[in-house]
Amino acid sequence: DVVLTQTLVAQPVRLGDQASISCRSSQSLVHSDGHTYLEWYLQKPGQSPQLLIYEVSNRFSGVPDRFSGSGSGSDFTLKISRVEPEDLGVYYCFEGTHELTFGSGTKLEIK
Amino acid sequence: EVQILETGGGLVKPGGSLRLSCATSGFNFNDYFMNWVRQAPGKGLEWVAQIRNKNYNYATYYAESLEGRVTISRDDSKSSVYLQVSSLRAEDTAIYYCTRLAPYWYFDFWGPGTMVTVSS
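Heads up: the sequence lines are chains A and B, in that order. First residue of the first sequence: 888, per the numbering used here; consecutive thereafter. First residue of the second sequence: 24, per the numbering used here; consecutive thereafter.
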């Protein structure tokens, strides 16, 4: 089984600072077709999840450029530069390469 | 505008069954794979089931934890997808989301979810 490991709570950040959230997979997420199907979703309080990043580093339509994704193989990071109040919520990584697995989520808190 | 709306949730006794519906509009439903994802109260997201489109013979896939108790189906004429869940347990209590899978294998649109509560 694929396990995606995320820290439960990110290091509290001040508004305007950068936040970094990590996601580590128990297996490489490189698909046999050469793509890496690693995504990031944000679930704001009381809302459905929303897609931020797909295939490691591609921003979804309408997502601000202060969100960026990076990584390869089994180690991935979501960075949020200049955190704003509307960025609060729980961030989930997700792999579509193997078994369609979500990470356990990382809550972004403001200092 | 893409719209997704789940219905059919409610209070069910343990051992009972439920059929959730997901009505969609605003896109060519026939082209897409559809999925159900659930979230227990205060917990994370869990992928539940997927149904592919006609080009893939409506192939279905299920989370191992639920296999045998869930059935996903679709009606392309109604742009709708369904989830039948049987032998319900307390741990099936969750918000069930319907979501569209885009070609690059991401969930690009989600419904607001429907709450299922399993309790006696």
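Idealized CB from N, CA, C, for every residue including glycine. The model shown is predicted, which means the values in this text are computed figures rather than measured ones.
Do residue j and residue i have their beta-carbon atoms positioned less than 7 Å apart in this structure?
i, j, result
"residue 119(B)", "residue 59(B)", "yes"
"residue 107(B)", "residue 42(B)", "yes"
"residue 896(A)", "residue 966(A)", "no"
"residue 939(A)", "residue 925(A)", "no"
"residue 143(B)", "residue 36(B)", "yes"
"residue 912(A)", "residue 891(A)", "yes"
"residue 76(B)", "residue 51(B)", "no"
"residue 943(A)", "residue 921(A)", "no"
"residue 905(A)", "residue 955(A)", "no"
Any beta-carbon of chain B closer than 7 Å to the one on residue i?
i, result
"residue 996(A)", "no"
"residue 983(A)", "yes"
"residue 936(A)", "yes"
"residue 989(A)", "yes"
"residue 926(A)", "yes"
"residue 978(A)", "no"
From this set, the options, which residue's C-alpha is nearest residue i's C-alpha?
i, options, result
"residue 978(A)", "991(A), 889(A) and 985(A)", "991(A)"
"residue 980(A)", "898(A), 936(A), 974(A) and 968(A)", "936(A)"
"residue 64(B)", "114(B), 121(B), 87(B) and 131(B)", "114(B)"
"residue 74(B)", "131(B), 138(B) and 121(B)", "121(B)"
"residue 975(A)", "894(A), 900(A) and 893(A)", "900(A)"
Where DSSP assigns a beta bridge to residue i, which residues make up the other side?
i, result
"residue 912(A)", "891(A)"
"residue 123(B)", "57(B) and 132(B)"
"residue 966(A)", "907(A) and 955(A)"
"residue 937(A)", "929(A)"
"residue 945(A)", "941(A)"
Counting only beta-carbon atoms, is residue i nearer than 7 Å to chain A?
i, result
"residue 105(B)", "no"
"residue 99(B)", "no"
"residue 131(B)", "yes"
"residue 128(B)", "yes"
"residue 135(B)", "yes"
"residue 85(B)", "no"
Mind pulling the chain C residues with CB within less than 8 Å of residue i?
i, result
"residue 992(A)", "As a matter of chain content, chain C is missing from the structure shown, whose protein chains are A and B."
Could you say if the segment 946-953 of chain A and the segment 41-57 of chain B meet the contact criterion of at least three C-beta pairs nearer than 8 Å?
No, the segment 946-953 of chain A is not in contact with the segment 41-57 of chain B.
Touch check for the segment 130-137 of chain B and the segment 85-101 of chain B: three-plus C-beta pairs under 8 Å?
Three or more Cβ pairs closer than 8 Å define a contact, and the segment 130-137 of chain B falls short of that threshold against the segment 85-101 of chain B.
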